[in-house]
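Heads up: the sequence lines are chains G and Z, in that order.
With numbering that gives the first Met the number 0 applied, the first sequence corresponds to residues 0 to 552, in that order.
With numbering that gives the first Met the number 0 applied, the second sequence corresponds to residues 0 to 225, in that order.
Don't be surprised by glycine CBs; every beta carbon is placed ideally from N, CA and C.
What follows is a set of notes on a single structure, which appears directly below.
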Amino acid sequence: MDTQQTPPVGKLKTLSIKDLDVKSLMGNAVEDANISRDLPMRKWLYSWLLDPTIAGNHQKGIDKWIGLLIVANLFVLVFEHVPGIYEPNRGLFHFFDIFSIGIFTIEYLMRLYLAPEDAEFKARKNARLAYATSPFAIIDFLAVAPFYLQAFLPVDLRVLRALRLLRILKLFRIIIPAYQDFAIKNQGRTFRQKIHALVFESEYGGKLQEFFHLFIAAWVLISVLAVILESVHSISYLLNVEFVILDSIAVAIFTIEYCMRLYSCVEEPGFKNGWAGRWRQAKSPSTVIDLLAILPFFLEVFLHHLLDLRFLRVFRLTRLLKLTRGNDATATLAKVISREWPVIAAAGFIMILLVVLTASLGYLFEYEAQPDKFENIPTSIYWAVITLASVGYGDISPVTTAGRVMTIVLAFIGIGIFAIPAALLSSAFSDELHKEREELKNNLYNILKDGVIDPDEIAIIRREALRMHLNEAEIKALIKLIEHELEKEANLKSLPINTIAEKPELAVEHYKSLLSQIRQLAMLTDPVAFDAIAVGKDRLSASEAALWKQIKG
Amino acid sequence: MDAPTEPPSAATAKAFTRGDAGFLVFIALVLVAVTALGVLARREALKTEGTKRNGEQWAAWLTQESAKRFEPGYALAACAGGTKAAAAVAPEAPENAEAAPENAAATSENAAPTPTAPTIASAPTPPKANTWGECLAFLSTQTEFKDMRNPFTGKPPVFIPSCNPADHGHIGSIVFDKVTANPPGSAVASVTSQLLETDSIGDKVQLKIAVCDKGSYAIKIAELEF
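Here you go:
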């Protein structure tokens, strides 16, 4: 799942091509926090550690690690309730608890000490008291207080564990700002549009949508891990009930997500037609995957007497497919398969033909010698596939001379035939990537033509680079190439055609430039309308139309 | 769930419609339904846990009695190791070796196990070992195991040869298997086979205990020596 997002366009500055820094273009420039050493100690510390307005300081890193520690605490709280895990590792659990409390206490004291520097509290009469009574500070205090409480008062272990749950509230430090940003972005929008912004990728989603996707992805991973661990006898023996509870929670989350998607999909372009739109969404592969993720749970509850429970449990692994939503690599693979489908189907047909023929010949030559192994044609198919695919387990092998000769021939044919689909897919995948890069190159070409890159164009470049997994060096090389081509084009344009024609090397470059223009034209124009006019209205001859198709690729 | 709303610019669009309220009610119902199903699934899982506890109880008892049962004067004669004293067999024991459990129990309770008694040595009946069937029947009817219940059916657990997912009558049942070691150098170290009621328990027996879960699949509980 691609949860990375390009930064908001409004924060980007226009760049000039003359002194273009690819690092800044890609948003990878390491910003140095501009914090003076001459600042007073407290101010200096606040600027480095907590000030959210200073780019390049440690504020984001601290927030991230504290967030991870909270999530780790959540898992520890769950595992503490499993005697099979808790009892043998009591010491480790205790150590982790002390470590967490240490970190959270340091964080609380640091925020309390630095409160007078915080813009939110510094105007108050007593900044530290104002901080200590603020909702976030109370949450922080509640997260550590029970631990210290037990040192003075005899607190029941169960009560202490329940109080420790309060640590989860610390997550609100991250969620509330994201929600506030989401509320601002969705001001004046309908409830359904807000639901849409939360579950579908859109400009209104912001950080909250990112968290929502992370939350779903985390539950996918947790539930898949649970399915895998359930197959380990020693683990499932101890945690059977916990796995059932975990699965129920995962299904509740996925079911609500499924309903939210179906409800709000009508806000998506292409699905704007009430129930018909929702039906179309329900039939889409990603939504079918969502349904498959929750279906085994309901089938297990209602039809456990009819269906094999072990199959249903393993079927829950389809949840992993949920992570492919929005994954461009999967989309490219699907596109490649659909494009090459006729050839793949033909290769598949030949493979089936070959398998059936091989199995039949195997049966013919070997039945009399090994009636137990080559009992009939269907049982010989196993041997045929294993031989043709060059796997060769060796559990069934021919013993007659004719059978062995046939196997030699088939092994050679099998290498070629079975390799065709793999080669096809690999070459088509490479073609598709090449095409996408060409497209990016053309986009860059158009972007760089005017000499400046505006914020919208920067956002496009970053998004495309992210989608195609291009690094800085590759983008740099592409930009250099385009600069070179622009330069040549400028030189060529200034020359009359007969002068270009006199020099073959110039003629070749001019020809390449013209081809590139035709490809750009093909990408930018509406292909259906073009074909309708060009072919339908006889504006292009058959050879011209064929040439057009060949050039556009 | 009504027709799609227009983009946010539409000033006339209501922020919260009746359809939205309906959706929230639906979500709440879904949540309640999934929670109820989750509770149901947990209850079923607890039944499986109960079945496992049954198996563990058997495993604990058999392990605990494993050494004791070879001691002279062992109280539970039906499960005692070694050969039965002839005196214990000759006068009161039923002629059929696969006697009814009640008889077996009565035999073991009434006859004091005195293997060295002179009258036994002079008896013509050859020494005979207890069988698993006698021991199991005695334990199931005369000891704390008689109160054991299959959590899925509420009835006493059934002892079956193996769990079969196709047969839902096996859910919650207990399986005792006999593990026989193969000679050294064999490809497979041991062979597991069904422990028959007629199998002798005069010598030490390697047992494997399993229970059948909700899907009638076997859950291995323990391997032990009895």
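Using a Cβ cut-off of 7 Å (strictly closer), state whether residue i contacts chain Z.
i         : result
Phe171(G) : no
His304(G) : yes
Ser247(G) : yes
Asn470(G) : no
Tyr262(G) : yes
Thr286(G) : no
Ser540(G) : no
Val240(G) : yes
Val219(G) : no
Ala182(G) : no
Phe253(G) : no
Val300(G) : yes
Val198(G) : no
Phe190(G) : yes
Leu308(G) : yes
Val226(G) : no
Val250(G) : yes
Val243(G) : yes
With distance defined between alpha-carbon atoms, name the residue in the options nearest to residue i.
i         : options                                       : result
Ile173(Z) : Ala76(Z), Met147(Z), Ala40(Z) and Pro183(Z)   : Met147(Z)
Arg172(G) : Gly415(G), Pro51(G) and Met522(G)             : Pro51(G)
Asn326(G) : Phe314(G), Gly273(G) and His212(G)            : His212(G)
Glu484(G) : His468(G), Asn441(G), Ile221(G) and Leu76(G)  : Asn441(G)
Leu162(G) : Phe151(G), Gly413(G), Ile138(G) and Lys184(G) : Ile138(G)
Asp176(Z) : Val204(Z), Ala14(Z) and Ala77(Z)              : Val204(Z)
Gln280(G) : Pro295(G), Phe296(G), Tyr262(G) and Phe297(G) : Tyr262(G)
Asp198(Z) : Ile170(Z), Ile208(Z), Trp131(Z) and Ala35(Z)  : Trp131(Z)
Ile556(G) : Glu266(G), Val219(G) and Thr524(G)            : Not covered by the structure: residue 556(G). The range shown for chain G is 0 to 552.
Val33(Z)  : Leu332(G), Glu473(G) and Cys258(G)            : Cys258(G)
Trp64(G)  : Leu48(G), Ala458(G), Glu79(G) and Phe78(G)    : Leu48(G)
Thr104(G) : Ala142(G), Asn125(G) and Glu86(G)             : Ala142(G)
Ala40(Z)  : Leu298(G), Tyr112(G), Phe428(G) and Asp289(G) : Leu298(G)
Asn163(Z) : Thr317(G), His304(G) and Ala383(G)            : His304(G)
Would you verify that the beta carbon of residue i is, or is not, closer than 7 Å to some beta carbon of chain G?
i         : result
Val33(Z)  : yes
Ala14(Z)  : yes
Gly168(Z) : no
Asp198(Z) : no
Arg52(Z)  : no
Gly214(Z) : yes
Gly184(Z) : no
Glu91(Z)  : Residue placement at Glu91(Z) is poorly supported in this model, since its pLDDT is 39, which falls under 50; the coordinates still yield a value, given next. No - not a single Cβ of chain G is within 7 Å of the one on Glu91(Z).
Leu28(Z)  : no
Gly37(Z)  : yes
Asp230(Z) : Here chain Z has residues from 0 to 225 only, and residue 230(Z) is not among them.
Phe151(Z) : no
Arg41(Z)  : yes
Ala44(Z)  : yes
Where does residue i fall in DSSP's three states?
i         : result
Glu200(G) : coil
Ser161(Z) : coil
Ile337(G) : A quick correction: the sequence has Ser, not Ile, at residue 337(G). Three-state result, Ser337(G): helix.
Ser133(G) : coil
Thr323(G) : helix
Glu97(Z)  : At Glu97(Z), the pLDDT of 39 sits below 50, so the modelled position is not reliable; the number obtained from the coordinates is stated separately. Three-state result, Glu97(Z): coil.
Val88(Z)  : Below a pLDDT of 50, predicted positions are generally treated as unreliable, and Val88(Z), at 42, falls in that range; the measurement from the model is reported next regardless. Helix, per DSSP.
Ala209(Z) : strand
Thr152(Z) : coil
Ala541(G) : helix
Leu223(Z) : strand
Ala217(Z) : strand
Ala118(G) : coil
Gly535(G) : helix
Gly205(G) : helix
Lys124(G) : coil
Phe95(G)  : helix
What are the residues that DSSP puts in a beta bridge with residue i?
i         : result
Thr179(Z) : Val190(Z)
Ser199(Z) : Thr130(Z)
Val174(Z) : Ile159(Z) and Ala209(Z)
Hey, is residue i's beta-carbon within less than 7 Å of any beta-carbon in chain A?
i         : result
Phe529(G) : The question asks about chain A, but that chain is absent: this structure's protein chains are G and Z.
Can you list, in chain order, the stretches of the alpha helix (DSSP H) that have 4 or more residues and sit fully within the segment 225 to 285 of chain G? 232 to 263 and 273 to 282
Just to confirm the assignment: which complete alpha helix (DSSP H) runs, minimum length 4, are found wholly within the segment 382 to 465 of chain G? 400 to 448
Start-end ranges of the alpha helix (DSSP H) lying completely within the segment 478 to 511 of chain G, minimum 4 residues: 496 to 501
Go through the segment 336 to 368 of chain G residue by residue and report every complete run of the alpha helix (DSSP H) that reaches 4 residues or more, in order. 340 to 365
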